[in-house]
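Q: Quick one: this structure, given as structure tokens, is what I'll be asking you about.
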Amino acid sequence: MHTVAVIGAGKIGELLLSGLLRSGWPAGRLLATARRTERAEELAARYGIRVLKNEAAVGEADVLAVAVKPQDAEALMTDIGPKVPSGKLVVSLCAGLPTSFFAKWLPEATPVVRVMTNTPALVDQAMTAISAGAFATPAHLELAEEMFAPLGRTVRVPESQQDAVTALSGSGPAYFYYLVEAMTDAGILLGLPRQVAYDLIVQTAIGSAIMLRDSGEHPVKLREAVTSPAGTTISAIRELENHGVRAALLAALEAARDRARQIAEQQS
432 MHTVAVIGAG
442 KIGELLLSGL
452 LRSGWPAGRL
462 LATARRTERA
472 EELAARYGIR
482 VLKNEAAVGE
492 ADVLAVAVKP
502 QDAEALMTDI
512 GPKVPSGKLV
522 VSLCAGLPTS
532 FFAKWLPEAT
542 PVVRVMTNTP
552 ALVDQAMTAI
562 SAGAFATPAH
572 LELAEEMFAP
582 LGRTVRVPES
592 QQDAVTALSG
602 SGPAYFYYLV
612 EAMTDAGILL
622 GLPRQVAYDL
632 IVQTAIGSAI
642 MLRDSGEHPV
652 KLREAVTSPA
662 GTTISAIREL
672 ENHGVRAALL
682 AALEAARDRA
692 RQIAEQQS
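Its first residue numbered 432, the sequence shown is counted upward by one per residue in this note's numbering.
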């Protein structure tokens, strides 16, 4: 069993820590670092793990999971990069940053794996995309999959697709919450109590997602099965099309993809 250090255990880093512990990863094989003393104490008390200084964690762990915000990555790597022993696996959870960013500070040929997960990891329903850097081997990818499989599902993608992944599934939960919020307001407009509207929408979303996953049917076929001639559903679909909802989604995801690229450019 490998020892994993989560470097910068904020929200995303804590998702990884908690998921590994739920899956049975020994607490003695998990380390974390945190800038603030109170945060370090909180993590140690909540999870029963050791929270160390960056240098100590880097020296002790086999795998370094870098989970700081992208804008903090350069300062972190300037500090720890020269101290990383050759051959250790670095797993980046930093949105928008390519594996080549980390290679600038690490010993030559250090394997780096880039990961994009999302917040449904809290309920073990994350979608995590994993990409190999220049020196990462299939064994390194398998280890990354072992780490993130307890959080939900994993998929391997070329690193060139990671900005699109960030836009689609990394930010994706926020889009669904936005739609649920809007549909709840619509339910209130139609005369339903807020809680009733909310419960109707959430359960409908859960059931629809399970049908998509388990049926193997294209979403168009599932939508058509609910859409009767001259019925209520087609009337609603017409309004969605008239108001450009499909085009707005395309533009929104392009904007998110472009922002991911900008983050990388700003840190290069």
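Here a beta-carbon is modelled for each residue, glycine too, at the ideal position from N, C-alpha and C. Nothing here was measured: the structure is a model prediction, and the numbers come from that model.
Write down the C-beta distance between A552 and G439 rounded to the nearest angstrom, noting that I regard them as a contact closer than 8 Å.
A: Incorrect: roughly 16 Å between the Cβ atoms, too far for contact.
Q: Does R587 come out as helix, strand or coil in the three-state DSSP assignment?
A: Of the three classes helix, strand and coil, the one that applies to R587 here is strand, per DSSP.
Q: May I ask you to report which of helix, strand or coil DSSP gives L537?
A: Coil, per DSSP.
Q: Do the region 549-566 and the region 590-602 meet, that is, are 3 or more Cβ pairs less than 8 Å apart?
A: The answer is yes - the region 590-602 touches the region 549-566, with three or more Cβ pairs under 8 Å.
Q: Is the beta carbon of V489 less than 9 Å from the beta carbon of P516?
A: Cβ distance < 9 Å, so V489 and P516 count as in contact.
Q: Note down, in chain order, each residue of its chain lying with its Cβ closer than 8 Å to the Cβ of H571, except the 5 sequence neighbours on either side.
A: Cβ neighbours of H571 beyond the five flanking positions: L520, P542, V544, A563.
Q: Under DSSP, the beta strand (DSSP E) around A440 begins and ends at which residues?
A: Counting along the chain, A440 falls outside any beta strand (DSSP E), and DSSP gives it neither H nor E.
Q: For G618, count neighbouring C-beta atoms within 10 Å of its own C-beta (all shown protein chains included) and say buried if the count is 16 or more, exposed if not.
A: So G618 counts as buried.
Q: To which residues does DSSP link L461 through a beta bridge?
A: Bridge partners of L461: V435.
Q: Could you please give the first and the last residue of the uninterrupted beta strand (DSSP E) stretch that includes A683?
A: Taken as a continuous stretch (DSSP letters only), A683 belongs to no beta strand (DSSP E), being part of the alpha helix (DSSP H) at 676-698.
Q: According to DSSP, is I721 part of a helix, a strand, or is it coil?
A: Within the shown structure, residues of the chain are numbered from 432 to 699, placing residue 721 beyond reach of any answer.
Q: Quick one: using the 10 Å Cβ neighbour count with 16 as the cut-off for buried, is A463 buried or exposed?
A: Buried, because 16 or more other Cβ atoms sit within 10 Å of the Cβ of A463.
Q: Taking S523 as part of the beta strand (DSSP E), name the residues at either end of that continuous run.
A: 520-523 is the extent of the beta strand (DSSP E) around S523.
Q: Give the DSSP-derived three-state secondary structure of S562 in the structure shown.
A: Correct three-state label for S562: strand.
Q: At which residues does the beta strand (DSSP E) containing R466 begin and terminate?
A: That residue, R466, is in no beta strand (DSSP E); it is neither H nor E in DSSP.
Q: Expressed to the nearest angstrom, what Euclidean distance is found between the alpha-carbon atoms of L446 and G662?
A: One C-alpha to the other measures close to 44 Å.
Q: Can you tell me whether D482 is buried or exposed? The criterion is at least 16 other CB atoms within 10 Å of its CB, across all chains shown.
A: Reading the sequence as shown, one finds Val at residue 482 and not Asp. Buried, because 16 or more other Cβ atoms sit within 10 Å of the Cβ of V482.
Q: Could you tell me which of A656, V546, R467 sits nearest to F579, measuring between CA atoms?
A: The shortest Cα separation from F579 among A656, V546, R467 belongs to V546.
Q: Quick one: Cα of E577 to Cα of L461, how far?
A: Distance between the alpha carbons of E577 and L461 is about 14 Å.
Q: Would you mind sorting L448 into buried or exposed? The rule is 16 or more other CB atoms within 10 Å of its CB.
A: It counts as buried.
Q: Suppose the cutoff is 7 Å on Cβ atoms and the five residues either side in sequence are ignored; what does the same chain contact list for M642 look like?
A: Excluding sequence neighbours, M642 sits near L653.
Q: Enumerate in chain order the residues of its own chain whose CB-to-CB distance from I632 is below 8 Å, with the five nearest sequence positions on each side excluded.
A: Taken in chain order, the residues that qualify are V611, M614, T615, G618.
Q: In chain order, what are the residue ranges of uninterrupted alpha helix (DSSP H) at least 4 long that sit wholly in the region 609-644?
A: DSSP runs (the alpha helix (DSSP H)) wholly in the region 609-644: none.
Q: According to DSSP, V546 sits in a beta bridge with which residue or residues?
A: In the DSSP output, where bridge partners are listed per residue, V546 has I561.
Q: If you draw a straight line from the alpha carbon of Q698 to that of Q502, how long is it in whole angstroms?
A: Going by the C-alpha atoms only, they are around 7 Å apart.
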